[in-house]
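Working notes, beginning with the structure itself.
6 protein chains.
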Amino acid sequence: MNDANRLHENGPVNWQLAQIVEDLRGARNEWRSRTGRHPEQGGRELPSRQSIEEVVERLASALFPMRLGPNDLREESEDFFVGHTLDAALNALLVQARLELRYSARQRGDVVDSRIDEHAVVLVRDFARALPEMRKLLDADVLAAYQGDPAARSVDEVLLCYPGVVAIIHHRLAHHLYNAGLPLLARIISELAHSATGIDIHPGAQIGSSFFIDHGTGVVIGETAIIGRQVRIYQAVTLGAKRFTSDETGQLHKGEPRHPIVEDEVVIYAGATILGRVTIGKGSTIGGNVWLTRSVPPGSQVSQASLQHDESRCGKN
Amino acid sequence: MNDANRLHENGPVNWQLAQIVEDLRGARNEWRSRTGRHPEQGGRELPSRQSIEEVVERLASALFPMRLGPNDLREESEDFFVGHTLDAALNALLVQARLELRYSARQRGDVVDSRIDEHAVVLVRDFARALPEMRKLLDADVLAAYQGDPAARSVDEVLLCYPGVVAIIHHRLAHHLYNAGLPLLARIISELAHSATGIDIHPGAQIGSSFFIDHGTGVVIGETAIIGRQVRIYQAVTLGAKRFTSDETGQLHKGEPRHPIVEDEVVIYAGATILGRVTIGKGSTIGGNVWLTRSVPPGSQVSQASLQHDESRCGKN
Amino acid sequence: MNDANRLHENGPVNWQLAQIVEDLRGARNEWRSRTGRHPEQGGRELPSRQSIEEVVERLASALFPMRLGPNDLREESEDFFVGHTLDAALNALLVQARLELRYSARQRGDVVDSRIDEHAVVLVRDFARALPEMRKLLDADVLAAYQGDPAARSVDEVLLCYPGVVAIIHHRLAHHLYNAGLPLLARIISELAHSATGIDIHPGAQIGSSFFIDHGTGVVIGETAIIGRQVRIYQAVTLGAKRFTSDETGQLHKGEPRHPIVEDEVVIYAGATILGRVTIGKGSTIGGNVWLTRSVPPGSQVSQASLQHDESRCGKN
Amino acid sequence: MNDANRLHENGPVNWQLAQIVEDLRGARNEWRSRTGRHPEQGGRELPSRQSIEEVVERLASALFPMRLGPNDLREESEDFFVGHTLDAALNALLVQARLELRYSARQRGDVVDSRIDEHAVVLVRDFARALPEMRKLLDADVLAAYQGDPAARSVDEVLLCYPGVVAIIHHRLAHHLYNAGLPLLARIISELAHSATGIDIHPGAQIGSSFFIDHGTGVVIGETAIIGRQVRIYQAVTLGAKRFTSDETGQLHKGEPRHPIVEDEVVIYAGATILGRVTIGKGSTIGGNVWLTRSVPPGSQVSQASLQHDESRCGKN
Amino acid sequence: MNDANRLHENGPVNWQLAQIVEDLRGARNEWRSRTGRHPEQGGRELPSRQSIEEVVERLASALFPMRLGPNDLREESEDFFVGHTLDAALNALLVQARLELRYSARQRGDVVDSRIDEHAVVLVRDFARALPEMRKLLDADVLAAYQGDPAARSVDEVLLCYPGVVAIIHHRLAHHLYNAGLPLLARIISELAHSATGIDIHPGAQIGSSFFIDHGTGVVIGETAIIGRQVRIYQAVTLGAKRFTSDETGQLHKGEPRHPIVEDEVVIYAGATILGRVTIGKGSTIGGNVWLTRSVPPGSQVSQASLQHDESRCGKN
Amino acid sequence: MNDANRLHENGPVNWQLAQIVEDLRGARNEWRSRTGRHPEQGGRELPSRQSIEEVVERLASALFPMRLGPNDLREESEDFFVGHTLDAALNALLVQARLELRYSARQRGDVVDSRIDEHAVVLVRDFARALPEMRKLLDADVLAAYQGDPAARSVDEVLLCYPGVVAIIHHRLAHHLYNAGLPLLARIISELAHSATGIDIHPGAQIGSSFFIDHGTGVVIGETAIIGRQVRIYQAVTLGAKRFTSDETGQLHKGEPRHPIVEDEVVIYAGATILGRVTIGKGSTIGGNVWLTRSVPPGSQVSQASLQHDESRCGKN
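Protein chains in written order, with our numbering: chain Z, 3 to 319; chain R, 3 to 319; chain H, 3 to 319; chain F, 3 to 319; chain X, 3 to 319; chain W, 3 to 319.
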C-alpha cells in the first residue's frame with residue numbers, strides 16, 4: 003500500500019529518519035557506557051522469547067500427544083509424533099541454552115569457548131531425560147484439579163481448559179531449567195505462563211505433587227517458596243516476601259529463604275496473602291482475603307474473622 | 003539451521019530419543035490404565051482450542067463487520083462478508099461440536115453413530131439462528147459500557163478497546179453453547195476470554211442485558227451465578243461459592259446453586275468478594291474490597307466501613 | 003476438509019444463511035438508527051488493533067534492537083535495521099493516525115478533507131522525533147526495575163522478561179499519542195499491554211522516570227493519576243477514582259482530576275487501593291492491601307495495622 | 003539463529019555493509035541519471051507482482067467457486083463467497099490500477115491528480131461488469147479442451163489440471179485490462195501464466211471462443227495475433243513476428259500488425275512456427291514442426307513433407 | 003488499508019456487486035444446465051491442488067529425509083521424522099482419495115456410500131506399502147542421472163537440483179495412483195511437476211528403472227508410452243500420438259495404445275519428436291530435432307542427416 | 003480434521019506405519035552402502051533450496067529497491083532498507099555457503115574444521131563486494147531488453163515482467179558463486195530461475211554485458227558457453243554440447259570446453275540449436291530452427307534455407 007506516499011501531491015512523506023536513527027544510536031551508546039558495555043562487543047546474543055514459546059508448545063504436545071497434539075493423531079502414529087516433536091524441541095532448546103550460557107559467561111567476564119556449547123548439550127540432555135517424570139507429575143496435577151473442582155467434568159477438560167494446568171506445565175519445565183543453571187530461559191517460560199494465565203510462579207519455587215490452582219488470575223508465588231503435596235490454591239493468592247520490613251534493613255540478600263513454606267494438603271482461598279518465611283502447617287485451611295505474616299500449626303483454620311478475633315484479643319491486652 | 007549438529011566436531015548431538023520416547027509411552031500407558039482408558043481406543047477426538055479461537059474471531063467479525071471486520075469493508079459488501087464469514091465459522095464450529103458430542107458419548111459409554119453428527123448440525127443451526135439476538139444483547143452491553151464509564155469517548159472505542167466487552171462477547175456465545183449441551187466448547191471459549199482479559203466468567207453464569215465490567219482483571223463469576231439487568235462490576239470482583247464451609251460437609255453436588263444472585267441495577271466495586279447463594283437486592287451498591295457472605299436487601303449501600311460497624315456492633319452484643 | 007458436507011448422505015448441511023444475514027442486517031440497522039448513524043455513511047474507518055500491535059512490536063524492536071530485534075543483528079547492521087524498521091512502523095502508524103483523525107472528525111460532524119491527512123503526518127513526525135527521549139526514559143525504567151528487584155540478575159533479563167517493562171514501554175508510547183490527540187490509538191496500545199500483562203494503565207496517566215511495577219497482575223492506574231520519579235508499585239495496586247461517592251452526585255465530568263498524585267520515591271505494596279485526588283507524599287510507603295482515600299504527608303509508613311489503629315482511635319473519639 | 007556471529011571467536015562477522023550500501027546507491031544514481039530520473043522524485047509507485055497474483059487467484063475462485071473456491075463451499079454459501087471474494091479482489095485491483103495510471107502519467111510527464119484515481123475506479127468497475135461474460139467465454143474454452151483431448155475424463159478435470167486452461171483464464175483477464183489501458187497489469191498477469199505453464203500469450207492477442215492449448219510448454223503468441231473460434235494448438239507452437247527480415251529495415255513500429263491471423267477451426271500441431279502477418283485459412287491443419295511464413299487458404303493441410311515437396315518444386319523452377 | 007474508500011471525498015467506491023454476483027450466478031446456472039448438473043446437487047467435492055501439493059512435498063521428504071527433510075535432522079531422529087511425516091501425508095492423501103472416488107461415483111451415477119470411503123483406505127494403504135519400492139526405483143533414477151551427466155558432481159546435487167529428478171519423483175507417485183484408479187489425483191501430481199519443470203509426463207506412461215531426463219523443458223510423454231530401462235532423454239523431446247492422421251478417422255478411442263515404445267538403453271536427444279505406436283529398438287540413439295513416425299530396429303543411430311538421406315533415396319525411387 | 007479416524011465406526015485407520023518406516027530405513031541403508039556412505043555419519047548437511055530462494059529474493063530487492071522492494075519505500079528509507087535486507091541475505095547466504103563447503107570437504111574426505119567456516123565468510127564477503135558491479139551489469143541487461151523488444155514500453159516494465167530478466171539476475175548471482183567455488187549453491191539458484199522461466203542457463207556459462215533473452219521458454223545454455231556483449235536470443239535456443247558424436251568416443255571430460263562461443267552483437271532466433279565448441283562470429287544472425295554444428299564467420303546470416311542450400315551443394319559435390 004503506497005498510502006504513506008500518497009498523502010501530499012507535492013511529494014512523499016519525509017520522517018527525517020537519518021536524524022532519528024542517529025539520536026537513537028546516541029541513546030544506545032549512552033546506555034551502553036552507563037551499563038559498562040563496549041559498543042564493539044558485537045552481536046546480539048540473548049535467548050528469544052518467541053523461540054522459547056515454540057519450544058514449550060512442542061514439549062507440551064509431545065508430553066500430551068493425544069490431547070495437545072495434532073488432531074489426526076492415532077495410537078499408531080503417536081510415538082513417531084512424540085519422537086519427531088521432541089527432537090525439534092530439543093534442538094531448538096539447545097540453541098537457546100547456548101545463548102544463555104554464553105550470555106552469562108560474558109556477564110561474568112568468562113571466556114566463551116566450545117566447552118560452553120558442550121555444557122549446553124549436557125543440560126538439554128538431562129532435561130530430556132527428565133521429561134517422563136515430569137509427565138507423571140503433571141498427570142497427578144491434572145487429577146488433583148479434576149478432583150478439586152466439582153465443576154470439572156473430565157480430566158481431559160481440565161487439561162484442555164484450566165489455566166492452572168497451563169501454569170503448572172510451564173512451571174515444571176521452567177523449574178528444571180532453573181535448577182540446571184538456565185535461570186533466564188526458566189524465567190521466560192514462567193512469564194509466558196504469567197501472560198497467558200495471570201498466574202506468576204517464580205521458576206525457583208519448589209512445588210510438590212498434585213498441585214492445583216483454580217481460576218488463578220493474580221496468583222504470585224515467590225522464588226524461595228516451598229509447597230508440599232496435595233496443595234490447592236485459588237485466585238489472587240500471594241506467597242510473597244515481607245518486603246515491607248525488609249526494606250528498612252537495606253537490600254535483601256538474593257537467594258535467602260524469604261517466602262512461605264506450605265505443607266502438604268493445605269488449601270488457600272482466594273485473595274489470601276502470606277508473606278515471609280513462615281510455615282503453614284499440614285492440612286491447614288487459609289480463608290479468603292486473609293493477611294498472614296506468621297506461621298500456623300498443622301490443621302489450622304484461618305479466616306478473616308478468626309484473625310480479627312485474635313487481633314482484637316491482642317488489642318485488648 | 004544445522005546448529006545442533008555443529009556442536010561437536012566428533013559427530014552430531016544424540017538425545018537418546020528412543021529411550022525417552024519409550025519412557026513417555028510408559029507414562030502414557032500408566033495414565034491410561036489409571037484413568038480406565040484402553041490404549042487401543044484409537045484416535046484423538048477432542049475439540050481444538052485453536053480452531054475454536056478462529057471460530058470466535060470469525061463470529062465476532064460477522065457480528066460487528068464494520069468494526070471488527072476487514073478494513074476495506076463497505077456497506078455494499080457487508081452482507082457478502084457476513085454471509086461468507088458466518089458460513090466458514092459455522093462449518094468449523096460443526097466440526098468442533100461433533101468432536102465434543104462424540105467425546106462425551108464415549109465418556110458415557112454410548113454408541114458413537116451418525117445420529118450424533120445429525121445432532122451436532124441441529125445444535126449449530128440453532129446457535130446460528132440465535133446470533134441476531136446475541137448481537138442485540140451485545141449492542142446493549144456496549145451502550146452500558148459507554149454510559150457507565152465517563153472516560154469512554156464513543157461506542158466504537160468501547161467495542162474496539164474494552165476488555166469487558168471482549169469478555170461479554172465470548173460469554174454470550176459460550177453461554178448459548180453451554181445451554182445447548184456443549185459445555186466443553188463453551189468452557190474453551192470462556193478460557194480464551196480469561197486469558198485475553200483476566201476476566202473469568204463460567205459459561206454457565208446467567209447474565210442479563212446491559213452488563214458492564216470495567217478494567218476487569220481478576221473478576222471471577224461462578225457457574226450458577228445469576229446477574230440481572232444493568233449490572234456494573236469492577237476489577238477483581240468475585241461472585242463465588244462459599245467453598246470454605248462446604249468443604250467440611252464433603253464434596254459439593256455439581257450444578258447445585260452455589261453462587262450469588264445479583265439483581266438489576268447493582269454496582270459492585272473493585273475487589274469485592276460475594277460468596278454463596280446470597281442475593282444482592284435491586285439497585286444496591288457494594289463497595290470496594292467488601293467481603294460479603296449474606297444477602298442484602300434492595301437499595302443497600304455496603305462498604306467496608308459499614309460492615310465493620312455492623313460487625314463491631316455484633317461483636318459488642 | 004469437506005467435513006461439513008459429508009454429514010448427511012441426503013445432501014449437504016444448510017444453515018439458512020440468507021435469513022440469518024438478513025436478521026443481522028436488521029440488528030445493525032437498528033443499532034445504527036439508535037446511535038444516530040446513517041447506513042449510507044460508507045466504509046469502515048476505524049483503526050485496526052492488529053495493525054497497531056504490529057506497529058508497537060516494530061517500535062519496540064527499533065528502540066531496543068540488540069535485545070528485542072532479530073537474532074542475527076550485529077553492531078554493523080544495527081542502524082540499517084533501526085532505520086528500516088522505524089520507517090515501516092511510522093508508515094503504518096500514519097495510516098492508523100489518519101483513520102482516527104477522520105473518525106473523530108466525522109464524530110464531531112467536521113469536514114473530512116486533506117488537511118486531516120496533513121495533520122496526521124505532523125503528529126506522526128513529532129512522535130518519531132520523540133522516540134530517542136522515550137528510549138532514555140525507558141532505560142531508566144529498566145534500571146529501576148533491576149535495582150528494585152533483588153531477584154533480577156541483569157538489566158537484559160529485566161527487559162526480556164518483566165511484564166512491568168512491557169507495560170511501561172506501551173505506556174510511554176501511548177501517552178505520547180494520547181497527548182498528541184490520538185486517544186483511540188493510545189487506548190488500543192494500553193489495552194494490548196493490559197491483555198499481555200494484566201497491568202491496566204490509562205494512557206492519560208502521567209508517570210515520572212525510573213518507574214517500576216513488579217509482578218503487576220491487577221494493577222489499575224487511572225487517567226488523571228500523576229506519578230513522580232522513582233516510584234515502585236506491586237501487583238493488584240489500584241490508583242483509582244472514588245466513584246462510590248461520586249455516583250451520588252451524578253455523572254463525573256470527563257477529564258476532571260479524580261485519581262491520586264503519587265510523589266517521588268513512593269513504594270506501594272501489593273493489593274493497596276488508593277482512591278480519589280489524594281496525594282501520597284514523597285518517600286512514603288503504602289503497605290499491602292491498604293485501603294486509602296485520603297492524602298498522607300511525605301515520609302508516611304501506612305499499613306493495615308496503622309490504619310486500623312487510626313480508625314479505632316477515631317472510633318473511640 | 004546466531005550462526006553468523008558464532009563463526010569467529012574473536013568477534014562477529016563484518017560485511018562492510020556501509021561501503022556496499024554506498025556503492026549500490028552510486029549505481030542507482032548512475033542508472034537514474036542515465037534514464038533521466040530525478041532521485042528526488044520520491045516513492046516507489048509501481049504495481050506489485052505479488053498483489054496481482056493474489057487478485058488473479060481471487061478472481062479465479064470467484065469465477066469458478068465450486069471448483070477453485072474453498073473446499074467447504076456449498077450452494078447456500080456460494081453467492082456470499084463470490085460477493086466477498088470479488089470485493090476483496092476489486093479493491094486490491096483498484097490499488098494496482100491506480101499505481102499503473104500514476105506511473106504512466108509520470109512517464110508521460112502528465113500531472114498526477116485525483117482524476118487519475120477516479121479513472122482507475124471507472125476502469126475497475128468496467129472490468130467487474132465484464133466478468134460474467136468472461137466466465138461464459140471460459141466455460142466454452144473448458145468445453146473445447148474437454149472435447150479436444152481424448153484423454154480428458156471430465157470438464158472438472160480439465161479445469162483443475164490443464165495448463166492451457168490456466169493460461170486462457172489469465173489471458174482473458176489480462177486482455178480486458180490491456181484494452182482498458184492498463185498494459186502493465188495485463189503483462190504481469192500474462193507472465194504469471196507464462197511462469198506457471200510455459201505458455202506465453204501476449205495480453206494484446208485477440209483470441210476467439212472455444213480456444214484450447216494442449217500441453218502448452220513453449221507456446222508463444224504475439225501481441226497482434228488474431229485467433230478465431232474453435233482453434234486448437236499444441237506445445238511449442240509460435241505465432242510470431244518475422245523479425246529476421248524486419249531487422250534489416252530498422253526498428254519495428256510498435257503496434258503495427260506483425261503476427262499471424264488464424265481463422266476459425268484451425269488446428270496447429272506441436273512445434274509449428276508461423277511468422278509474420280499471414281493468414282491461416284479456416285479449417286486448416288498445420289502439422290508438427292512446420293515452419294510457415296506465408297498465408298495458406300482455408301482447408302489447407304500443411305505438413306513438413308508437403309512443404310519440402312513445394313520447395314523442391316520451387317527449387318526446380 | 004482503507005485505500006478503496008478514500009478515493010472519493012463524496013463517498014466510498016461502489017462496485018455494484020449485487021448485480022455482478024447475480025450475473026455470475028446466471029452464468030453458473032447456464033453452465034450447469036448445459037453440462038447436466040443440478041444446481042441443488044450440493045457441495046464442492048473435488049480434490050484440492052494445494053492439498054495434493056503438500057502431500058507430495060511430505061512424501062518426498064519422507065522418502066529422502068536426509069536430503070529433502072528438515073535441516074536439523076540426524077540419524078537418531080530419522081525414523082521418527084519419517085513416521086510422523088508419512089502419517090500426516092497419508093491422512094491427507096486419504097481425504098483427497100475419498101474426494102476423487104466420490105466425485106467419480108457421482109459422475110457415473112453410482113451411489114455414494116461408506117464403501118467408497120473404505121475403498122479409499124485400501125487404496126492409500128496399498129500406496130503406502132509401495133513407497134519403499136518407489137524409493138529404490140528413484141535411487142536408481144538418481145544414479146542414472148549422476149552417471150548420465152558429466153557435469154553432475156554428486157548424487158546429492160542431482161537430487162537437490164535436477165528438474166528431471168523432480169519430474170520422475172512426481173511421476174512414480176502419480177503412476178501408482180493412476181493404476182490404482184485415482185487418475186485425477188495422479189494428473190494433478192503430474193501437472194505440479196509440469197508447472198515446476200516444464201516436463202509433461204502423463205501419469206499413465208510406463209517408465210522403467212534408471213530413467214533420466216536432462217534439462218527437460220518441453221518434454222512431453224504420452225499416456226500409453228512404454229519406456230524401458232536405462233533410457234535417457236533431453237529437453238523438448240516428444241513421445242506423442244500421431245494425431246494428425248488419427249483426426250481423419252474420427253475420435254481416438256481412449257486408452258488405445260497410441261504412443262511410442264522405447265526399449266532399454268535408448269538415448270533421445272533434444273527436440274526429437276517420435277509419434278505413434280512405433281518401437282525404438284534397444285540401444286538406439288535418436289539425434290536432436292529428429293522427426294520420427296516409424297519404428298527403428300535395435301542399435302539404430304538416427305539423425306536428421308540420416309533421415310534426409312533416406313528420404314532423398316526414397317525420393318529418387 | 004479428524005477425517006482419517008472417522009472412516010470406520012469400528013476404529014481408526016491403521017497404515018501399518020511401523021513396517022513401512024522399517025522398509026524405508028532398509029532402502030536408505032541399501033542406498034548408503036551402495037554409495038559408500040556410513041549410516042553413522044550423522045546429520046543432514048546440505049544447502050536448502052528454500053533458504054537459497056529467500057536469499058535470492060532479498061538480494062534482488064536490495065539490488066532494485068524501488069522496483070522489487072516493498073511498496074512503501076521512499077528515497078529517504080532506501081539505504082536503510084538496502085542495508086538491512088543485504089545483511090539478512092548475507093547472513094543467510096553464509097549459513098548455506100558453510101553447508102556446501104562442509105559437504106564438499108566431506109565428499110573429498112577432508113577434515114571439517116573451523117577454517118572452512120572462515121573460508122565461507124571470505125567467499126560471502128567477496129560476493130557482497132561484487133554486488134554493486136552486478137547491479138551495473140544488470141542495468142545494462144535491462145536496457146538491452148528494453149531496446150531489443152519493440153513491445154517494451156518502459157525499462158520498469160522490463161524489470162517487473164520479463165522472464166529473461168529474471169533469468170539473468172539469477173545467472174549473474176549464480177555465476178559469481180560458481181567461480182567462487184560454491185557450485186552447488188550456484189546450481190540451485192540457476193534451477194530456481196529455470197523453474198520460474200523455463201530458461202536453463204548453467205551457472206558456469208560466461209555471459210557478456212547487455213544480454214537479452216526474449217520469451218525464453220526452452221532456452222538451454224551449457225556450462226562452458228561463452229557469450230559476448232549485446233547478444234540477443236529467443237525462446238527454445240540451445241547452446242549445447244555435441245553429445246551425439248561424443249558418446250562414441252566415451253565419457254566427456256568434465257570442464258573441457260564443449261559449448262559454443264557466441265561473439266558480440268549476435269542475434270539467435272527461436273528454436274535454433276548450436277552444438278559443440280563452435281564460434282558464431284561477431285554480428286552474425288542465426289535464423290529460427292537452424293541446426294548448426296560448425297563455426298560461422300563474423301557477419302554471417304544463417305537461415306534454414308541457406309543451410310539446405312549449402313547442404314544440397316555439398317551433396318552435389
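In this text, a Cβ means the ideal position worked out from N, Cα and C, and glycines have one as well.
Model, not experiment: these values are computed from the prediction.
Put simply, the backbone Cα of R174 of chain Z is about 7 Å away from that of M136 of chain Z.
Pairing L92 of chain F with V114 of chain F gives a Cβ-Cβ distance that is not under 8 Å. Collapsing the DSSP output to three states places R279 of chain W in coil.
Bridge pairing for R234 of chain Z: Z:F214, Z:V269 [DSSP].
Going by DSSP, G242 of chain X is part of the beta strand (DSSP E) stretching over 240-242. Straight through space, the alpha carbons of I282 of chain R and V298 of chain R are spaced by roughly 5 Å. Judged by DSSP secondary structure, D158 of chain R falls within the alpha helix (DSSP H) whose first and last residues are 157-163.
Counting only residues of its own chain and dropping the five nearest sequence neighbours on each side, R51 of chain H has a CB closer than 7 Å to the CB of I190.
Listed along chain X, the residues sitting closer than 7 Å to E159 of chain F by beta-carbon distance are L186, R189.
Sequence-distant Cβ neighbours of N291 of chain Z in its own chain, meaning closer than 7 Å and more than five residues away, are G273, A274, Q306. The alpha-carbon of F129 of chain Z is positioned some 12 Å away from that of Q18 of chain R. Per the coordinates, the alpha-carbon of D266 of chain H lies some 54 Å from the alpha-carbon of F66 of chain W. Closest option to E47 of chain Z, judged by alpha-carbon separation, among Z:H217, Z:Q98, Z:V160: Z:Q98. Any Cβ of chain X closer than 8 Å to the Cβ of F82 of chain Z would place that residue at the interface, and such an atom is present. The three-state secondary structure of T287 of chain H, taken from DSSP, is strand. For G220 of chain X, there is no enclosing alpha helix (DSSP H), since its DSSP letter is neither H nor E. For V292 of chain H, no alpha helix (DSSP H) run applies, since DSSP gives it neither H nor E. The DSSP-derived three-state label of I229 of chain R is strand.
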